[in-house]
Structures are given as structure tokens and as C-alpha cells.
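Working notes for the structure below.
There are 2 protein chains.
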Amino acid sequence: MDATETRPLTPAGRRIAAAAEELFYERGITGVGVDLIAEHSGVTKRTLYNQFGSKDHLVAVYLAERDRRWRSLVQTTVDARATPRDAVLAPFEALATWSETHTRGCAFINALAELPDPSHPAHRIATAQKLWLLDLFETLAAAANCPAPTPLARQLLLLHEGTLATQPLPLDTLTEATNLARTLIASATTQ
Amino acid sequence: MDATETRPLTPAGRRIAAAAEELFYERGITGVGVDLIAEHSGVTKRTLYNQFGSKDHLVAVYLAERDRRWRSLVQTTVDARATPRDAVLAPFEALATWSETHTRGCAFINALAELPDPSHPAHRIATAQKLWLLDLFETLAAAANCPAPTPLARQLLLLHEGTLATQPLPLDTLTEATNLARTLIASATTQ
DNA sequence: GGGGAAGTTCACCGATCAGTATACCTGCGA
DNA sequence: TCGCAGGTATACTGATCGGTGAACTTCCCC
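Listed in order, the protein sequences are those of chains A and B. Following this note's numbering, the numbering of the first sequence begins with 256 at its first residue and continues without gaps. Following this note's numbering, the numbering of the second sequence begins with 256 at its first residue and continues without gaps.
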């Protein structure tokens, strides 16, 4: 049913997925053909289709894998914080780490820009990713004794997505966002 | 020198530009071929190339025209505000109007996602558009007697871009962003 | 030693891509 | 009346697109 859970992948399948992840992110999904992915992973196009069936499925796998990695990084960062209040800010610290190696913005926003068809699996994955982060913010805020976690979570998500969207600009928006997030968290969790 | 100022356009040229604007925004730039644009504007492909020379140039015209319209709407909204402090919030009200008819996110962010080549004219136009808004926020903040207009402007830009980026989500992020923006403006322009 | 899964090789499909060539038509202003 | 700009019609290029068919090898496990 779910097109993204038919693993485990074969060795060739893993190389294909790795090449697809880099190429799709760096050059855009519609800008990268299956022939290029096959070539970059040292594999025949036939093997690619034996493993993934279609380009759309490969795109779904690319986004799902990226989602998995991002959530893992965030969760690790959250778990490393000493106090609940520090934990609310953790996703912004994770974003700092993430942005060092991912400078082409948010892969999910980019995917939605390229694939207008709402029935494409990319839409479901991208929406789920954002809502997961929103929910995490809310949970963390509640754990930090914030009396109104919902609006705070939405504000933090806005800052988070705004940071990613302004990445191409010659401004250090991440620092600005983190500072403002800290202030918002502090004033929303008065105790 | 500038590929976007060789107007005025002929009647056919205007129809082409109008069709390109709608199709590029709704279906993505790489997802729309020149044949489709020619067909939608009731024009021959030859005429399209006589008027615009290349698809890349047509893309640049599309973005430049969109930029022009957005700035015009924002400026009109700003001018209609009674007090300088209200004026700082005006771009968010303009965004509310704009979003009624443009539901596929920010055309400039989308264009950057689809066109990874930094030398493509789209990058210059998109960057200029964001920096223009940042500068406008700063100018408006200064006019509202904000002692530190630069950080406030960056915060407002973050909220603005975050709103656009979260547009596909089933949340009313615009209201949240506007409320927070109002609070930030109020507390940054104490007098 | 037999069988099946993984992968290769290579040729092929129809469609679409951006862009061009050539010849023709039409209306308007000098 | 001439010329020219704007536009049409149609056909074409070479490249690339996503995807398939069929036969072959290689290796591991029963």
C-alpha cells in the first residue's frame, strides 16, 4: 500500500537511492532524469526500474528517507538537552547542523514546487513532515510548562520555515530566528 | 543588457506573457513546455520565439512581472495605512489579499527550487525581491520610530516567508504570523 | 547440481523537449 | 503603391524524457 516501505534494498538499490538523494536535492527533481541517476550510481537503468518501478516511486523514497534522517537528527538533538525549556529550542540547533551540508533549502518545499499534482506521494510526505515538526514543538512546549503550547508551536514553525525559505539570501537569518525563538519560548513559559 | 526590459510587448506578446505567468506558477517552470504556452495563448511557437527569444528569457519576464505586481500591491497597502506603525504591518495584509488567488506558494522560492543554476536570471530577480521587502520593512520600522529597525525587519521577513512556505499546510499560519508581527512591532516601537 | 534472485547488456518505444527553416498572409504607414 | 512589421502555417532538427523486452551472466543457497 505505501510505496515507500517495500525495503530492504539490495546493494545496488542503496547506491541508486543515494545517488537519487543527492541529485534530486542539488539539481531538482524534474531536472534530473533516470538515466543520470543510473549513471551516477554505476547501475543500469534496467536495475533501477527493477528496484523502484518508476521515477515517482523513487522520488517518494528519496523524500521519505530524507524525512527519516531529519527526524532522527532532531530527536537526537532534543534528547541531548538538559532542561525541557532547552529542548524546545533544539530543532533550531538541529537546523544549524543540517544547513551546513544542505544549502538548497527545504527538500519538501522544493518538491511541492516542482510537483503540482496534489495526488503525488510527495505531497503527503511533505505535509506529514511539517506537521510532525509542529506537533513536536507543541509537545516540547507542553513539557516545558507552557500554558498555551499550540500558538507557540505555530510561531516556532513559522520561524523554522522562514529560515529555510530565506536560505539563499546573504543574511544570517538562522541566528535571528533562533534568538527570537528563545525569546518567545522564555516569555511563553513563565514560571 | 537586462533581459527583462525590452518591452513594450505586442498584443500577441502580452497574451504569451499572461499564459506563461499562469502556467509557470500553477504547474511549475520545468513542467511547462513552450508548446503548451503557445497553445494556451492562441499563438504560434514561432511568434513566441520572435517575441522572447528563449524559454529562459520568458521565465525572467514572468518573474519580473510578478515582482512588479507584488510590489505594487504592497506599496498601495502601505500607503493606505493611517499611522507609520500600521504601515509596518501592511505587507502582511497585502499577503492576505495576494494569497486569495495565489495558493501555490512563493513563485520566487519555487523558481529557485526548480532552477539550481545560480547564474540563471531567476536567482537575481528572486533575491532582489526578498531584499526589497527586507529593506521596506526596515524603512517602515525606522519611520515608526523603532530604535533598532534592522533586527525587527529580519524578524518580520522570517514570518513573512514562513507564512508562504507553510501555505500548503491545513493551518491558518497567516493569522498567527500577523498577530506575532503586530506584537513584535508594538514592543519594538515603544514610545 | 539445480534454481532463483540480482544484475548486466543493448536495443528499442512513443512522446516531448527547446529551438529553427521556409514560405506565406495581412494591415498600416510613408 | 511599396515595404515592412507582426503574425500564421507547417514541417523539421537532434536530444532527452520515462519506461520496456529479451537474452545473458554471476553467485549463493537448498
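Glycine included, C-beta positions come from ideal geometry on N, C-alpha and C. The structure presented is a predicted model; accordingly, all values stated were derived computationally and were not measured.
The residue among PRO376/A, GLY297/A, LEU303/A and HIS415/A with its C-alpha nearest the C-alpha of PRO346/A is HIS415/A.
Counting only the Cα atoms, ALA337/B lies some 48 Å from PHE279/A. For LEU367/A, the C-beta contacts it makes with chain B under 8 Å involve GLY360 and PRO423, in order along the chain. Taking the C-beta atoms as reference points, ASP322/B is found no nearer than 8 Å to PRO376/B. Cα atoms of THR356/A and ARG301/B: separation of roughly 44 Å, rounded to the nearest angstrom. For ASN434/A, the secondary structure class from DSSP, reduced to helix, strand or coil, is helix. Secondary structure of ASP290/A (DSSP, three-state): helix.
For SER354/A, the enclosing alpha helix (DSSP H) covers residues 339-356.
The Cβ of GLY417/B sits closer than 8 Å to at least one Cβ of chain A.
Of the residues assessed, ALA342/A falls on the buried side of the cut-off, its CB having 16 or more other CB atoms within 10 angstroms.
Taking a beta-carbon distance threshold of 8 Å, GLN410/A counts as an interface residue toward chain B. The stretch 357-365 of chain B and the stretch 396-412 of chain A do not touch, with fewer than three beta-carbon pairs separated by less than 8 Å.
The Cβ of ALA441/A sits no closer than 8 Å to any Cβ of chain B.
GLY308/B carries a coil assignment under DSSP once its states are collapsed to helix, strand and coil.
What ALA396/A touches in chain B, judged by beta-carbon distance under 7 Å, is nothing: the nearest beta carbon there is about 14 Å away.
For GLN422/B, there is no enclosing alpha helix (DSSP H), since its DSSP letter is neither H nor E. For the pair THR418/A and LEU426/A, the CB atoms are not nearer than the 8 Å cut-off.
When the alpha-carbon of ALA273/A is set against those of LEU318/A, THR285/A, ASN305/A and GLU431/A, the nearest one is in LEU318/A. Pairwise C-beta distances place the stretch 288-300 of chain B in contact with the stretch 263-277 of chain B, as three or more of them are shorter than 8 Å. GLN306/A sits close to THR265/A, with the two beta carbons spaced by under 8 Å.
Taking a C-beta cut-off of 8 Å against chain A, the contacting residues of the stretch 263-284 of chain B are GLU281, ARG282 and GLY283, listed in chain order. ILE380/A: member of the alpha helix (DSSP H) spanning 376-398, first to last residue. Ranked by Cα distance from ARG359/B, the options ARG437/A, LEU367/A, LEU303/A and THR444/A are led by LEU367/A. Look at PRO263/B here: in three-state DSSP terms it is coil, with no helix or strand label. If the five residues before and after GLN422/A are omitted, its C-beta is found closer than 6 Å to the C-beta atoms of GLY360, all from its own chain and listed in chain order. Here the alpha carbon of THR405/B sits roughly 8 Å from the alpha carbon of ALA396/B. Not one beta carbon of chain A lies nearer than 8 Å to the beta carbon of GLU348/B.
Using beta-carbon distances, THR428/B counts as an interface residue toward chain A, with a partner under 8 Å. The residue among GLY288/B, VAL333/B, THR444/B and LEU303/B with its C-alpha nearest the C-alpha of ARG270/B is LEU303/B. Residues of chain A with a Cβ closer than 8 Å to the Cβ of ALA420/B are, in chain order, CYS361, ILE364, GLU416, GLY417, LEU419 and ALA420. From the beta-carbon of THR382/B, the residues of chain A found nearer than 7 Å are PRO423 and LEU424. GLU431/A counts as buried, since no fewer than 16 other beta carbons sit within 10 angstroms of its beta carbon. Between VAL289/A and ARG409/A, the alpha-carbon positions lie close to 38 Å from each other. ILE284/A carries a coil assignment under DSSP once its states are collapsed to helix, strand and coil.
Between LEU328/B and ARG437/B, the beta carbon gap of about 20 Å keeps them out of contact (Cβ cut-off 8 Å).
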